[in-house]
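Colleague: Count the sequence shown with full-length UniProt numbering and you get residues 1 to 298, in order.
Just so you know, even glycine gets a beta-carbon here, dropped at the ideal spot from N, CA and C.
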Amino acid sequence: MKWQITLKDYQLYLKIERGLSQNSIDNYTHDVEKLITFLEENNISQSPVIITSEVIQQFIYQIAKQVNPRSQSRLISGLKSFFNYLVFEDYRPDNPLELIESPKIGRKLPDTLSEEEIDTLIKAIDLSKPEGERNRAMLETLYGCGLRVSELVNLKLSDLFFDEGFIKVNGKGNKQRFVPIVAITQKYINLYRKEIRTHLNIQAGFEDTLFLNRRGKQLTRAMIFTIIKQLAIKIGLKKNISPHTFRHSFATHLLQNEADLRSIQLMLGHESITTTEIYVHLDKSHLTKVIEKYHPRK
1 MKWQITLKDY
11 QLYLKIERGL
21 SQNSIDNYTH
31 DVEKLITFLE
41 ENNISQSPVI
51 ITSEVIQQFI
61 YQIAKQVNPR
71 SQSRLISGLK
81 SFFNYLVFED
91 YRPDNPLELI
101 ESPKIGRKLP
111 DTLSEEEIDT
121 LIKAIDLSKP
131 EGERNRAMLE
141 TLYGCGLRVS
151 ELVNLKLSDL
161 FFDEGFIKVN
171 GKGNKQRFVP
181 IVAITQKYIN
191 LYRKEIRTHL
201 NIQAGFEDTL
211 FLNRRGKQLT
221 RAMIFTIIKQ
231 LAIKIGLKKN
241 ISPHTFRHSF
251 ATHLLQNEAD
261 LRSIQLMLGH
271 ESITTTEIYV
281 HLDKSHLTKV
291 IEKYHPRK
């Protein structure tokens, strides 16, 4: 069985069976392609159904010289997923990475913005330009609803249920969730819709897309990153921030104001509460408040 044929079948499985986004599929594909390149460069002719653990070990040993432990761990995880698929489809009896351990890495937490830093960033937006109202509405939505950047750029007009106080979010694996949206965020979205969006020459296929570029098309993830990086430079912010920083700050500020983890998990769209714990990094001061407020022996 040839690598490229197997890889195409795997991509279809990730899309249809697992419902992953194209970005996730590309990442998984890239992991397998690295292994294929290694085999070609070393004239190793083992197919995906017969490749041995020893060959995989050689590949990982070489990769370990080129990337950091976090990237190495992600690659191993991606390859394990690929070979688990082959086992699932009965193409091979075992996973050659079954006994291969990922390097131990610490949990890296992204920078968090304070409420004051978020306010300063948003106030730095130039509202004299047409895109200013849009950018303010986008950042308010990122922070106010804790969205992923992909969820923000794919947000539809038909996803807005302002009368009910919610927006519908299409998350990872096409899983939908409803997230509360506060009045201030609704206000800035409505300002953008009425004052800017209605004057755009909206292209076919993007009539229902909420946030659009000047040409009336959907914004890219990269454009959101650029907008935020430029604002950080403008106010002299030294932290390394991205759209995800707003999501992380959303969760952290909710926790600090005594929201429960289960509610935060539902709003973020995490399948596991463990993932939520990583994002909100339970700090000692919060735990102390919980004990003092809820323990019967306080």
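Looking at I196: is its Cβ nearer than 9 Å to the Cβ of E140?
Modeller: Not closer than 9 Å, so no.
Colleague: For the beta strand (DSSP E) containing R177, name the first residue and the last one.
Modeller: Start and end: Q176 to P180.
Colleague: Note down the Cα distance separating Y192 from K229, rounded to an integer number of angstroms.
Modeller: Approximately 21 Å between the Cα atoms of the pair.
Colleague: Please classify residue 299 as buried or exposed, where buried requires at least 16 other C-beta atoms within 10 Å of its C-beta.
Modeller: Since the first residue of the chain shown is 1 and the last is 298, residue 299 is not available in this structure.
Colleague: In terms of residue numbering, what span does the beta strand (DSSP E) encompassing K168 cover?
Modeller: That run of the beta strand (DSSP E) goes F166 to N170.
Colleague: Just how far apart, CA to CA, sit R215 and L200?
Modeller: Distance between the alpha carbons of R215 and L200: 7 Å.
Colleague: Taking only three categories from DSSP, how would you classify Q256?
Modeller: Correct three-state label for Q256: helix.
Colleague: What does the alpha-carbon distance come out to for the pair V32 and Q11?
Modeller: Distance between the alpha carbons of V32 and Q11: 11 Å.
Colleague: How do the region 114 to 122 and the region 53 to 67 stand: do at least 3 beta-carbon pairs fall below 8 Å, yes or no?
Modeller: No: fewer than three Cβ pairs fall under 8 Å.
Colleague: To which residues of the same chain is M267 closer than 6 Å at the C-beta, ignoring the five residues directly before and after it?
Modeller: Closer than 6 Å at the Cβ level, and outside the excluded window around M267, lie G146 and V179.
Colleague: Where does G236 land, buried or exposed, given buried means 16+ other C-beta within 10 angstroms?
Modeller: Per the 10 Å Cβ criterion, exposed.
Colleague: What is the rounded straight-line gap between the Cα of G132 and the Cα of I184?
Modeller: Taking the straight line from one Cα to the other gives about 16 Å.
Colleague: Who does Q218 pair with in a DSSP beta bridge?
Modeller: Paired residues: L212.
Colleague: At the level of alpha carbons, what is the spacing between Q265 and N42?
Modeller: About 46 Å.
Colleague: What are the boundary residues of the alpha helix (DSSP H) that includes K15?
Modeller: K15 -> alpha helix (DSSP H) spans W3 to I16.
Colleague: Could you tell me if F246 is buried or exposed, where buried requires 16 or more neighbouring beta carbons within 10 angstroms of its beta carbon?
Modeller: Buried, since its Cβ has 16 or more Cβ neighbours within 10 Å.
Colleague: In angstroms, rounded to a whole number, what distance separates the CA positions of I227 and D126?
Modeller: Whole-angstrom Cα-Cα distance: 11 Å.
Colleague: Applying the 10 Å Cβ sphere with the 16-neighbour rule, what's the burial state of P103?
Modeller: Classification of P103: exposed, given that the 10 Å Cβ count is below 16.
Colleague: According to the neighbour-count rule (16 or more other Cβ atoms, all chains shown, within 10 Å of its Cβ), is P48 buried or exposed?
Modeller: The residue is buried, with at least 16 neighbouring Cβ atoms inside 10 Å.
Colleague: Using CA coordinates, which residue listed in S81, E89 and R134 is at the minimum distance from S97?
Modeller: Inspection of the sequence shows that residue 97 is occupied by Leu rather than by Ser. Residue S81 is the option with its Cα nearest to L97.
Colleague: Distance, Cα to Cα, S128 vs I122?
Modeller: S128 and I122: Cα-Cα distance of roughly 14 Å.
Colleague: Just to confirm, are F225 and K217 a CB contact at a threshold of 9 Å?
Modeller: No, the pair does not count as a contact, with Cβ atoms beyond the cut-off.
Colleague: Please report the Cβ distance between V149 and R74, rounded to the nearest whole angstrom; I am assuming they are in contact, meaning their Cβ atoms lie under 8 Å.
Modeller: Between R74 and V149 the Cβ distance is about 19 Å, and since that is not below 8 Å, they are no contact.
Colleague: Given a threshold of 16 other Cβ atoms within 10 Å of its Cβ, counted over all protein chains shown, does L282 qualify as buried or as exposed?
Modeller: With a pLDDT of only 48 at L282, under 50, the local geometry of the prediction cannot be trusted, and no value is derived from it.
Colleague: Quick check on DSSP: helix, strand or coil for P296?
Modeller: The answer is coil: DSSP assigns P296 none of H, G, I, E or B.
Colleague: By alpha-carbon positions, which one of D208, T198 and Q57 ends up nearest to L155?
Modeller: Answer by Cα proximity: D208.
Colleague: Quick check on DSSP: helix, strand or coil for F162?
Modeller: Three-state result, F162: coil.
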